[in-house]
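Novice: Structure incoming, see below.
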Amino acid sequence: MNWLKQLLLRRRIYDDLDEEIVLHLEERTEELVAGGMSGKEAAAAARREFGNVLLVKEDAREAWGWRRLEELFADLSFGLRMLRKNPGFAAVGLLTIAIGIGANAAVFSVVNSVLLKPLNYPNAEELVALHQIAPGAAGLADFRDGLLLSPSMYFTYAEQNRTFQSLGVWISGTANVTGLAEPEQVRTVEVSDGVLEALGTPPIVGRWLSAADQIPHGPERVMLSYGYWQRRFGGDRAVIGRNITVDSLPREIVGVMPKGFQLVDADFDVLRPVAFERGKVILAGFGFHGIAQLKPGVTIAEANADITRMLPTWMDSWSNGPGTNSRIYETWKITPTIRPLKQEVIGNVGEMLWVVMGTIGLVMLIACANVANLLLVRVEARQQELAVRGALGAGWARIVRSLLVESVLLGLMGGALGVCLAYWGVRFLVVLGPAHLPRLEEISIDARTLGFTLLLSVLSSLLFGLLPALKYAGPRTLQALGSTGRTISASRERHRARNLLVVVQMAMAVVLLVSAGLMIRTFESLRTVDPGFTDASHLQLMRISIPETLVAEPERVTRIQNDIVDKLQAIPGVKSVGFASQMPMEGYDSDWDAIYAQDQTYSEGEIPPLRLYKHVSPGFFESSGTRLIAGRELTWSEVYGRRPVVLVSENLAREMWGAPSATIGKRLRELPNTPWYEVIGVVQDVRENGVQEKAPEIVYWSSWVGDPHEAGYAWRTVTFVVRSDRAGTQSFLNEVRQAVWSVNSNLPLASVRTMRAVYDKSVARTSFTLVMLGIAGAMAMALGMIGIYGVISYTVSQRRREIGIRLALGAQRGDVLKMFLQQGAKLALLGVAIGFGAAFGLTRLIRDLLFGVTSYDPVTFAAVGILLFIVTLLACYLPARRAILVDPIVALRYE
Amino acid sequence: MKKPVQRDLFPGALEMMILRMLQRQPLHGYALVQQIKRTSDDLLEIEEGSLYPALQRLLKAELLKAEWGTSSTNRRVRIYKLTAAGAKHLQQEVSSFERMLEGITRVLSPGEL
Chain A
396 MNWLKQLLLR
406 RRIYDDLDEE
416 IVLHLEERTE
426 ELVAGGMSGK
436 EAAAAARREF
446 GNVLLVKEDA
456 REAWGWRRLE
466 ELFADLSFGL
476 RMLRKNPGFA
486 AVGLLTIAIG
496 IGANAAVFSV
506 VNSVLLKPLN
516 YPNAEELVAL
526 HQIAPGAAGL
536 ADFRDGLLLS
546 PSMYFTYAEQ
556 NRTFQSLGVW
566 ISGTANVTGL
576 AEPEQVRTVE
586 VSDGVLEALG
596 TPPIVGRWLS
606 AADQIPHGPE
616 RVMLSYGYWQ
626 RRFGGDRAVI
636 GRNITVDSLP
646 REIVGVMPKG
656 FQLVDADFDV
666 LRPVAFERGK
676 VILAGFGFHG
686 IAQLKPGVTI
696 AEANADITRM
706 LPTWMDSWSN
716 GPGTNSRIYE
726 TWKITPTIRP
736 LKQEVIGNVG
746 EMLWVVMGTI
756 GLVMLIACAN
766 VANLLLVRVE
776 ARQQELAVRG
786 ALGAGWARIV
796 RSLLVESVLL
806 GLMGGALGVC
816 LAYWGVRFLV
826 VLGPAHLPRL
836 EEISIDARTL
846 GFTLLLSVLS
856 SLLFGLLPAL
866 KYAGPRTLQA
876 LGSTGRTISA
886 SRERHRARNL
896 LVVVQMAMAV
906 VLLVSAGLMI
916 RTFESLRTVD
926 PGFTDASHLQ
936 LMRISIPETL
946 VAEPERVTRI
956 QNDIVDKLQA
966 IPGVKSVGFA
976 SQMPMEGYDS
986 DWDAIYAQDQ
996 TYSEGEIPPL
1006 RLYKHVSPGF
1016 FESSGTRLIA
1026 GRELTWSEVY
1036 GRRPVVLVSE
1046 NLAREMWGAP
1056 SATIGKRLRE
1066 LPNTPWYEVI
1076 GVVQDVRENG
1086 VQEKAPEIVY
1096 WSSWVGDPHE
1106 AGYAWRTVTF
1116 VVRSDRAGTQ
1126 SFLNEVRQAV
1136 WSVNSNLPLA
1146 SVRTMRAVYD
1156 KSVARTSFTL
1166 VMLGIAGAMA
1176 MALGMIGIYG
1186 VISYTVSQRR
1196 REIGIRLALG
1206 AQRGDVLKMF
1216 LQQGAKLALL
1226 GVAIGFGAAF
1236 GLTRLIRDLL
1246 FGVTSYDPVT
1256 FAAVGILLFI
1266 VTLLACYLPA
1276 RRAILVDPIV
1286 ALRYE
Chain G
492 MKKPVQRDLF
502 PGALEMMILR
512 MLQRQPLHGY
522 ALVQQIKRTS
532 DDLLEIEEGS
542 LYPALQRLLK
552 AELLKAEWGT
562 SSTNRRVRIY
572 KLTAAGAKHL
582 QQEVSSFERM
592 LEGITRVLSP
602 GEL
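Line order of the protein sequences matches chains A and G. In my numbering, each residue carries its 1-based index in the first sequence increased by 395. In my numbering, each residue carries its 1-based index in the second sequence increased by 491.
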């Protein structure tokens, strides 16, 4: 850091030098005087012998190598002075840059936190999701997550693999916690051994769940999330070893995970051991997410090969029970498609975020074009000054540099301001962002974002600074000295750069507006889709779970559920009530069955397509507004009697029996050896996985099923649906809670929300993209308009005299107005035409985000074209009107 | 701006002479010029001012250090001293200069042609 010390001390070094030279001259003079010369002569002689003092000083200073730096300082302070002298220009320029950079920095910080940063686990780089597909299993193509793992797969993979450091499976769910305050439904994740080891995040208090905790029916131990620990136990460290009542049984708390820890994408309150019972495990049961840490140096391809090797072992080691063929799964063609865990977490938002990033980048370019335009005007006004500097010996490069320093100064100040804006922008994005944007809590402005902002500031300032600098710092400027500036009339050539910038701006604005328009059209077509339920805002949902430990007998479960329906029905303002294993778009893991039709023949060992199934209560379809196409709903007596009756969706009815009406009375079953169920109703198709996804074929069983002579099976975790105009209000929710608790006070209500909230969440990705593109498009259009307004009003001011002459010679004001409007219209048309070309190519990139509209939708293109054209004419009209208000006398005297 | 080229001197010669003079005794700038002129019997014409850029370069390279002091004639002067690095540098420069000189001398000596 010696140079730094020297730099800071340079004032003193220079002073020393100056003093030394003065002393030198004095000494020489004195000596010459002593030799008999007169004082005046001696001083002159001393100077002559010494040489050019100023030059010597400059040379001596240069020895230290700071000259460039000092010139830079000079340029900087000059730049600052220039900005201060033109506060209007400085404010407009700074604001434009700050908004552009701020928006970019904000979006980049989201992209960085969500897509670029490694996951928040110690072993992040080696973590993979054990994803697999089964192209041979009919119906399975509808599975959103591919083929999940079964417990037997977990045992085989965990015990026989050669490529994984540790491997485990997990599943998310809910549980009831009682005995603390009000009964509460908490989010749980059940993990097998190996999951926590793979992730590697140590607990903040206590210990991990260990292999010894994976004992079925043993004393269960649990871990807590940081949030739950804070909320329910106030962060008390003495909580370790205490018991918590989960699903009516006491469990020992052994540890707490640190703040921000999520299991892949699952946020949880309580972490429980999954504790598979090895003796009861069969081949099937594909319901668990697999996660693993690769051994060092192992590639994903090697890991895939390892799983492929173990699949036959898996089929041979386990069975689906006596009389079943294990090798049936060979027809499923199970194929491992392991992928990095990060990809699993990010899911499908990557594409959307890059689109938004690209959009905002375009806005930055438009902003740069605007600032470049401003600078062009200003440099033009400073031509005299630049010419004088050139005449006084400043080199061409030196002038370019000083102009660039000015624009970089502007860029950096704008960037600094932009970071402040980005700070607020990020908060805005987080609020606005899709509710399930992954890694939302990790979003922040970090060093990388700041680095990006700095780079962006410098690059964009070079971009908008270079054009005016190169254009006006050339040797030609000398000529400018000759002309007094009095009669310069604008040459075509001088306008070319500005016109070009405006056209480019218009073209980019067209691209952004077309994209935004396509998203609006997408949103419109999403809204016209019949989701399979009606009037979502008046549909109150809540999830209620009755654990086996609280109520053992399925019959009592059904009675409690029936009582809850009756009590809810009695609340004033309630129209109808029902429940189902889940509502559409709720996003819980779905359940699938192979469905056999009675009037179809199946070959030996053939497995028919898998169908989504749900369990519903009587009155469910009426409450949710799902239309009955044929037949009728279930009745309570059918539920209690466990009558073998079933409902199906319209598309399933059409596929299996041709027409909904023909379906009534037909029979189906889920396994070759289970009883037949008679179809009593067909309901309309439901967009189960979101409005944009195809409606799946669905089978609707009763909420309590099984042999009437045995206990049977009652679906214990269900979503209640209450249709009422009072849905969502606080007083209504209080009455709902009281109604539920009057049946059983131990039952917590979870996920209390309206169907509207569920719906909005499912289209959040689209609406977020729409809002972002809308903002970007509006900014682009505003900047483009400012640009064209600037060009026209500048031309007007330049041609004032000419207009005056024209008017004096008898030109009509209308003609003058037309002249300027034509100029604007020409630029706009050119910009729109180029923009259409670009948009045609670029909107293809957002094709996957669109729904019900093509990427070259003519309506959108036409609308954007017309809109831009009209707004452009308006932007031209304002300055042009000033031109025709010119008084010829004043204009001519102006000079 | 170009580096100052000394009349009748090759680049680095002035620096070498300064170092040599200062090796004998610490001097201030004016005395240094007079000393060089006198020692060379005025054979070398040195513009006095050119000494100072050379001194600054040597200071930056830390071959010299400078201190304000008082001269024998009781003047305020800035006295330059050779540093250890400067002594070493001088030794290298002198030996490489001598080799160069020897080469030039051989080429120029009349007998061998």
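Beta carbons are placed, not taken as given, at the ideal position from N, Cα and C, and that holds for glycine. Here the structure is a predicted model, which is why all the values come from computation and not from measurement.
1) Grab me the residues of residue 1070 (chain A)'s own chain with a C-beta within less than 6 Å of its C-beta, minus the 5 sequence neighbours each way, in chain order.
2) Output, in sequence order along the chain, the residues in the stretch 1191-1208 of chain A whose CB is closer than 9 Å to any CB in chain G.
3) Sort out for me which residues DSSP pairs residue 1009 (chain A) with in a bridge.
4) I'd like to know whether the C-beta atoms of residue 520 (chain G) and residue 448 (chain A) end up nearer to each other than 9 Å.
5) Would you mind reading off the limits of the beta strand (DSSP E) that contains residue 647 (chain A)?
6) Cβ of residue 677 (chain A) within 9 Å of Cβ of residue 527 (chain A)?
7) Using a beta-carbon distance below 9 Å, is residue 543 (chain G) in contact with chain A?
8) Give the residues from the stretch 516-537 of chain G that approach chain A closer than 7 Å (Cβ to any Cβ), ordered along the chain.
9) In the stretch 736-777 of chain A, which residue ranges form an unbroken alpha helix (DSSP H) of at least 4 residues, counting only runs that do not cross its ends?
10) Tell me residue 573 (chain A)'s beta-bridge partners as DSSP assigns them.
11) So, residue 460 (chain A) versus residue 813 (chain A), is the Cβ gap smaller than 9 Å?
12) Output yes if chain A places a C-beta closer than 9 Å to the C-beta of residue 556 (chain G); else output no.
13) What residue range is occupied by the uninterrupted beta strand (DSSP E) comprising residue 1172 (chain A)?
14) If you compare alpha carbons, which of A:737, A:1253 and A:1262 is closest to residue 514 (chain A)?
15) If we define contact as Cβ-Cβ less than 9 Å, is residue 568 (chain G) a contact residue for chain A?
16) Taking residue 539 (chain G) as the query, report the chain A residues whose CB atoms sit under 8 Å from its CB, ordered along the chain.
17) Is the CB-CB distance between residue 974 (chain A) and residue 1149 (chain A) below 9 Å?
18) Just the C-alpha distance for residue 427 (chain A) and residue 421 (chain A), rounded to the nearest angstrom, thanks.
19) Can you list, in chain order, the residues of the stretch 452-465 of chain A whose Cβ is nearer than 9 Å to any Cβ on chain G?
20) Would you kindly work out how many angstroms separate the C-alpha atoms of residue 1110 (chain A) and residue 639 (chain A), rounded to a whole number?
21) So, is residue 997 (chain A) buried or exposed, given that buried needs 16 or more other C-beta atoms within 10 angstroms?
22) What are the boundary residues of the beta strand (DSSP E) that includes residue 1050 (chain A)?
23) Quick one: measure Cβ to Cβ for residue 1098 (chain A) and residue 1034 (chain A), integer angstroms, because I've assumed they're closer than 8 Å.
24) Does residue 937 (chain A) come out as helix, strand or coil in the three-state DSSP assignment?
25) When you compare each of A:1084, A:1095 and A:1088 to residue 1074 (chain A) by their alpha carbons, which one comes out closest?
26) So that I know if they touch, is there some Cβ in chain G lying closer than 9 Å to that of residue 520 (chain A)?
27) Looking only at DSSP bridge pairs, what is residue 1115 (chain A) linked to?
28) Per the DSSP calculation, residue 608 (chain A) is bridged to which residue(s)?
29) Does the Cβ of residue 744 (chain A) have 16 or more other Cβ atoms within 10 Å, making it buried, or fewer, making it exposed?
30) Applying a beta-carbon distance threshold of less than 7 Å, which residues of chain G neighbour residue 416 (chain A)?
31) Name the two residues that bound the continuous beta strand (DSSP E) containing residue 993 (chain A).
32) In whole angstroms, give me the CA-to-CA distance for residue 750 (chain A) and residue 1264 (chain A).
33) How is the beta strand (DSSP E) around residue 581 (chain A) delimited, first residue to last?
34) Is residue 677 (chain A) helix, strand or coil by DSSP?
35) Kindly indicate if chain G contains any beta-carbon less than 9 Å away from that of residue 410 (chain A).
36) Whose C-alpha, out of A:764, A:429, A:722 and A:419, is nearest the C-alpha of residue 1178 (chain A)?
Specialist: Straight from the coordinates:
1) 1039
2) none
3) A:1095
4) no
5) 644-651
6) no
7) yes
8) 520 and 521
9) 736-741 and 744-776
10) A:640
11) no
12) no
13) Run containing residue 1172 (chain A): none in the beta strand (DSSP E); it sits in the alpha helix (DSSP H), 1159-1193.
14) A:737
15) yes
16) 419, 423, 444, 445 and 446
17) no
18) 10 Å
19) 452, 453, 454, 455, 456, 457, 458, 459, 460 and 462
20) 25 Å
21) exposed
22) It is not in any beta strand (DSSP E) - residue 1050 (chain A) instead sits in the alpha helix (DSSP H) that spans 1045-1052.
23) 6 Å
24) strand
25) A:1095
26) no
27) A:937 and A:974
28) Answer is none; residue 608 (chain A) lacks a bridge partner.
29) buried
30) 543
31) Counting along the chain, residue 993 (chain A) falls outside any beta strand (DSSP E), and DSSP gives it neither H nor E.
32) 26 Å
33) 579-586
34) coil
35) no
36) A:764
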